[in-house]
Amino acid sequence: MTSKNGGSTGTSTLLEEKEIEYSIQDVEQHNTVHDFWTVVDGVVYDLTGMHHPGGSIIMGAAGADCSVLFHTYHLMGPEKAQAVLQRRKIGVLKGGARIEMGDFYRACAKQVRETLKDKPRRPAAAKFLFFLDMAIKMSLVVAAFFLNPATTPLWLLIVIHLAIPQMNFMRVGGQCHANGHMQLFKSDKSTSWAEFLGLCMGGLPSWALPNPSKNQYKKINKPLSVSRDEYKYGHIGRLGEHAIIHHTQGGEIQHDTDFLTISFMKLLRLSEAQPFRLWHSIQANFWVRVLYDTLGEVVESTLIATSCFRLVYIVRRLLPQGEYRRALGLVCAILTSIPASWCYLAFPCSSHPHAINIFLAIAVCKEYFGFLGSHAFFAQHKWNYFATESMINKDWGRHNAQSCSSWWPQGMDLVMLPVLWGNPKGCTPATLSFHLEHTLFPGVCYLYYPEIAPVVRQVCQEYGVQYNGLYSMADVVKARLDMLEHYSTVAPKTKTP
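Note that my numbering has the sequence shown beginning at 26, numbered continuously upward.
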């Protein structure tokens, strides 16, 4: 407040000194659609009734510290977004900011912003690939009704067999993933319908956008301590948290739900934190890896596990909250999984005298060369990276960069992996490649990751941040094998002096 001659009356200073302080527990109580508080960089805002230009992804911020969400999704216009927030400031957080993005992240964001300044945020090519992948998956589903192993040429059975794993998990699932990160469509309504189409084609609901409940008394976000306990019921807790910070249970890699998948529900030992079991001693054996990875591909391709998960998700989460459109989409996904499964099984189950032998030979070749979804999926993180959530929050950008890997597909990888067909630069909607860049900038369209990867790597070198680059599928296979071998034995106990 100023006097008539332009001098300060001291009132504004007094108000600043007496800013209301709130604890994070106070903020957590305001986590409904009609009572919406959040925290960014130690400042508390009341966003109740706000129309968010970026769509419903902001619902994941209700009653939570959303500093990471704010900085990672407002890469291109942080000043404008900050100005919108400032009008809704109600106080500050006791103890100050809980999360610091860090100097490295700010420098990296500045360079990436400069690289992408003249590019559309959501390129038309990404939308085209979304609908193309959905059309291909639907074509395979329709073709399954006419697929007769007795009359279909063996070569065609093999082609369809090879295509199904890529379409089920990497392509369709990947497109749902990109859509969930708001990379494809500007309109929240278009994103919602794209999500429905993706669910019908088999995309996982855990990658969907947060959906605000119509019940004003229903909490739409919960403390991590609560959501971790509820996770066993199928992503009931922090809705759409994957779309926000990638970790659906916590900040540590060991709490990342992807860790359960990549370790085959911890049948594989990938970190010191896991207790050693007898079967871990053979996990690096080639034939054991063939067995694990082939069984994993069969389960993923036939959608057995995900169909069970979808049923639980429908009954325990969607129907009670009145989300009938999503429930319908998942029912359609279960129905389409039947012909999709037949497309995969028709080849090894065919009456051709050498079908099963060829199937096994293909499985061995996939394992040897690394052309399996599990290998590409493995390349996302340094699965044995350890840092507590409190450590990560002190320098978020540095820790998340060092805990991730960036696979740069090139050469024969682009030809041999169907997941990369149509993406000549090696980028995938599931971000199985360039995952380090995706973790730092999840709101950037995946088609741009090959362009910003050299920029991110350069900033990493300048700030002394380890850049975990994998520059061929051979690198991916070696990194995976090295880790399996390293944790296949118990580390010797050191004698205390």
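Note that CB positions come from ideal geometry on N, CA and C, so glycine has one too.
- Under the DSSP definition of a beta bridge, H463 lacks any partner.
- For L445, same chain residues with a beta-carbon under 7 Å away, outside a window of 5 residues either side, are P434, D438, L439, G451 and T453 in chain order.
- If you ignore the 5 residues before and after P467, its C-beta comes within less than 6 Å of the C-beta of T97 and H206, all in its own chain and listed in chain order.
- I287 counts as buried, since no fewer than 16 other beta carbons sit within 10 angstroms of its beta carbon.
- Between A122 and G67 the beta-carbon gap is near 3 Å, inside 8 Å, which marks them as a contact.
- For the pair of segments examined, the region 505–513 was found to touch the region 290–309: the number of CB pairs separated by less than 8 Å reaches three.
- With a cutoff of 8 Å on beta-carbon distance, I189 and A365 are scored as near each other.
- Between R314 and E220, the gap from beta carbon to beta carbon reaches 8 Å or more.
- Counting other Cβ atoms within 10 Å of its Cβ, L94 reaches 16 or more and is therefore classed as buried.
- Here the alpha carbon of V137 sits roughly 9 Å from the alpha carbon of E476.
- Judged by beta-carbon spacing, D318 lies beyond the 8 Å limit of L370, meaning their Cβ atoms are not closer than that value.
- For the pair of segments examined, the region 116–134 was found not to touch the region 191–203: the number of CB pairs separated by less than 8 Å stays below three.
- Contact between L100 and V481 fails: their C-beta atoms lie close to 12 Å from each other, not under 8 Å.
- Distance from the Cα of K214 is smallest, within the candidate group P174, H77, R335 and F284, for H77.
- Straight across, the Cα-Cα distance linking S376 with N382 is about 12 Å.
- Residues F396 of the same chain have their beta carbon placed closer than 6 Å to that of M441, with the five preceding and five following residues left out of the count.
- Counted as a single uninterrupted DSSP element, the alpha helix (DSSP H) harbouring G321 occupies residues F311 to T327.
- Taking a C-beta distance under 8 Å as the contact criterion, I359 and S332 qualify as a contact pair.
- Out of W62, Y473 and K407, the CA that lies nearest to the CA of L110 is found in W62.
- Per DSSP, the unbroken alpha helix (DSSP H) holding Y393 starts and ends at A380 to F394.
- The closest CA to that of I329, considering only P373, S362 and T176, is found on S362.
- No Cβ-Cβ contact shorter than 8 Å links W408 with V501.
- For E462, the CB contacts under 7 Å within the same chain, skipping 5 residues up- and downstream, are S431, Y474, I477, A478 and V481 in chain order.
- L172 sits in coil when the DSSP states are folded into three classes, being neither helix nor strand.
- Secondary structure of L118 (DSSP, three-state): strand.
- In this structure, the alpha-carbon of P148 lies about 7 Å from that of L209.
- Between the alpha carbons of G223 and E44 lies a distance of about 46 Å.
- The Cβ atoms of Q491 and Q405 do not sit closer than 8 Å to each other.
- Residues of the same chain with their beta carbon placed closer than 6 Å to that of P103 are lacking, with the five preceding and five following residues left out of the count.
- Around the beta carbon of A175, fewer than 16 other beta carbons lie within 10 angstroms, which makes this residue exposed.
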